[in-house]
Amino acid sequence: AVATLTITATVDTGSAGTVVVNTAAVTGVNETDTDTANDADAASIDVPAVNLIVAKSVNDTTPNPGQSITYTVQVTNGGPDTATGVALLDALPTGVTFVSASTSQGSYTAPTWTVGSITNGSTSTLTIVATVDSGTEGSTILNTAAVSAVNETDTNPANDSDDASINVPAVDVTVSKVVDTATANPGDTVTFTITAGNSGPGTATGVVITDVLPTGLTLLSATPSLGTMTGSTWTVGALGDGASATLTIVTTVDSGTAGSTITNTATLTGVTEVDTEPSNDSSAATVFVNAVDLTVTKTVDNATPNPGDTIVYTVSVSNLGPDAATGVTLVDTLPIGTTIVGAVPSQGSYVGSTWTVGTISSGTTATLALTVTVDAGTAGSTIVNTATLTQINETDTDPSNDSDSVSVVVPAIDLAVTKTVDKPTAVEGETITYTVVVTNVGPD
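FYI, the numbering for the sequence shown is 1 to 444, going by full-length UniProt numbering.
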């Protein structure tokens, strides 16, 4: 006869990776057992153990908004047994948008990757392609993959998850421009300095600034502290957080620009990252080209002096603007027939024949009074005296009125005297009449 005993038990935790042996043996019988060799038997069970290891990476840790990135999730079975019913969770975080997914085995239906079985020492891979959302600049986006199911006991759950971070760069590229003088004259050298800075917090790469010289300026040189300048394009390159670079542009002011305003603008036209503050990506500097209109007039207080007379020439130089005239100089050479007595300028100095005036503000006039005597021997002559503007720092917009002359005519006469008597002979007591005639035969 046969008797049966059924025992139901649970496998204890901590027994993974072991063999559990259960033995049954005859321990007592009244009769003699003729074959004690079969009085005991054992049954064993193998408790499987696995070690799933999750690793996650991303192909670009500093992408810009709009860029595609690829996450790679790998799950490896470190054994010693086959892992079955394996599944992982990988939910894309806020800031990235799902594009596609591919697996080396199993299937991915967000957020679950149903892997299935992984033999000892094997690895399965999940690849997720996503795009970085706009508005994420300056943020750190963390993505985690974790084992969510396995039929066997995982002996090391500490390595059942892994994450990968991306840092979306944020930069603030600033452009500023200054000029070494706010006013200039045609022919002057004017230097512009452009500064490109990065207020961060990320590194700005692919920085390009465009500066097209306006009409009225001619380029002499362009010297960057970083990168290269070709034509109107300054290729700066990379600027770290807090870094800056300068470009020095030396120009000359063209002729024909007097009275004009010349504005030169530099603009950020390229940067790989998102610029968080585009309002400071452009800067301009302005140069006003001076313009003046000096007029020279000359008068004399006596246009018909006689030899020996004293006359006064008055030279006036007026600035019709619109700007102040500087470095003003006139020449007034006294003509033959006159001798200088004195010179009185309202400003500046008169030495020899040169009147060094200096600066004349817009709308004002400077005068020079020249006192001379008319030389003997000049009767009948016309004496012409001319004053001429010979130097000015600015451009005179109307040079036709930069000189003036005045003439004096020294009178000349020829007096003829004739005398007659009415009687060629006379006796004592007789009355006679003399007639004296003075005649001016000219020319005056």
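Backbone N, C-alpha and C fix where the C-beta goes; we use that ideal spot for every residue, glycine too.
Scanning its chain for C-beta atoms nearer than 6 Å, with the 5 sequence neighbours on each side dropped, one finds around T195 the residues S176, S244, T246, in chain order. The Cβ neighbour count for F98, taken over all protein chains shown within 10 Å, is under 16; the residue is labelled exposed. Looking at the DSSP output, I118 sits in a beta bridge with A83. Looking at the backbone, the Cα of G79 and that of E277 are separated by about 54 Å. Judged by DSSP secondary structure, V150 falls outside any beta strand (DSSP E); it is assigned neither H nor E. Per the Cβ contact rule, the stretch 184 to 191 is in contact with the stretch 393 to 410 (3 or more Cβ pairs under 8 Å). Beta-bridge analysis with DSSP links N319 to L294. For N30, the secondary structure class from DSSP, reduced to helix, strand or coil, is coil. Here DSSP, grouped into helix, strand and coil, assigns P224 to strand. Counting the other Cβ atoms within 10 Å of the Cβ of S283 gives 16 or more, which makes it buried. Here L220 is near V250, since their CB atoms are less than 8 Å apart. Fully enclosed beta strand (DSSP E) runs of no fewer than 3 residues occupy 415 to 421, 434 to 440 of the UniProt domain "DUF11" (414 to 444), in order along the chain.
Sequence-distant partners of L239 (beyond 5 residues in either direction) whose C-beta falls short of 6 Å from its own C-beta, in its chain, are N198, A204, V207. L294 is the residue among L294, G200, V271, G342 whose C-alpha sits nearest the C-alpha of V328. Straight through space, the alpha carbons of T386 and S362 are spaced by roughly 24 Å. Per DSSP, the beta bridge partners of I194 are K177, L247.
The three-state reading of DSSP puts N306 in coil, since its state is none of H, G, I, E or B. Per the C-alpha coordinates, the member of K419, S100, A55 positioned closest to A158 is A55. Its chain contains Y108, I128 as the residues whose beta carbon lies nearer than 6 Å to that of A101, once the 5 sequence neighbours on both sides are disregarded; these appear in chain order. Taking a C-beta distance under 8 Å as the contact criterion, L92 and S148 do not qualify as a contact pair. With a cutoff of 8 Å on beta-carbon distance, I311 and N319 are scored as not near each other. Taking a C-beta distance under 8 Å as the contact criterion, A412 and G377 do not qualify as a contact pair. DSSP places N385 in the uninterrupted beta strand (DSSP E) bounded by 382 to 391. Contact check for S232 and T210: beta-carbon distance about 6 Å, within the 8 Å limit, so the pair qualifies. Boundaries of the beta strand (DSSP E) harbouring A325: 325 to 332, taken from the DSSP string. Judged by DSSP secondary structure, G270 falls within the beta strand (DSSP E) whose first and last residues are 261 to 270.
Residue I383 holds the alpha-carbon nearest to the alpha-carbon of I336 among Y434, I383, T36, G237. By the Cβ-count criterion, A426 is exposed, with fewer than 16 other Cβ atoms from all chains shown falling within 10 Å of its own Cβ. At a Cβ-Cβ threshold of 8 Å, T439 and V421 do not count as neighbours.
Cβ neighbours of L389 within its own chain (closer than 6 Å, five residues either side excluded): L294, V296, L330, D402. In this structure, DSSP gives N64 a state outside helix and strand, which the three-state scheme calls coil. Non-local beta-carbon contacts of D60 in its own chain, meaning distances under 6 Å to residues more than five positions away in sequence, involve I69 in chain order. Beta-bridge pairing by DSSP links S283 to A266. With contacts defined as CB atoms closer than 8 Å, S104 and S117 fail to qualify as a contacting pair. Taking a C-beta distance under 8 Å as the contact criterion, L52 and D163 do not qualify as a contact pair.
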